[in-house]
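Numbering (our numbering), first residue to last: -7 to 109.
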């Protein structure tokens, strides 16, 4: 896996370890989507599976909401930022300047930390 640029979130009241937790929460997104699809294809879910489905769905919605809030309506940034956060796609593939891209990513992590609380 390509190196994931560490971000300093201490200015926002998020410790290094909380930032790492958010990073890995986002990187688990593909697994969450896969499991969500598996559960959706199951004809009859047990109570445990229903709870798991709700939990995973909540996590996925939180990531989507954080990205949406971070970009603030900027056209063309949703998918590139989502891919950067969830599959570690290069920040340079975002259709904006590098500093602005890092700002959007930091903002997404901040929004996600607030949503998860």
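Backbone N, C-alpha and C define an ideal beta-carbon position, used for all residues, glycine too.
Taking the Cβ atoms as the reference, residue 96 lies roughly 6 Å from residue 63, within the contact range of under 8 Å. The stretch 58 to 109 contains, as complete alpha helix (DSSP H) runs of 4+ residues, the segments 70 to 79, 90 to 108 (chain order).
With a cutoff of 8 Å on beta-carbon distance, residue 81 and residue 90 are scored as not near each other. With respect to the C-alpha of residue 3, the residue from 43, 107, 28, 99 having the closest C-alpha is 99. With fewer than 16 other Cβ atoms from the protein chains shown falling within 10 Å of its own Cβ, residue 22 counts as exposed.
Rounded to the nearest angstrom, the gap between the Cα atoms of residue 30 and residue 61 is 28 Å. Membership of residue 33 in the alpha helix (DSSP H) is indicated by the continuous run 21 to 33.
The beta carbons of residue 57 and residue -1 sit about 19 Å from each other, so the pair does not count as a contact at 8 Å. Per the coordinates, the alpha-carbon of residue 86 lies some 9 Å from the alpha-carbon of residue 70.
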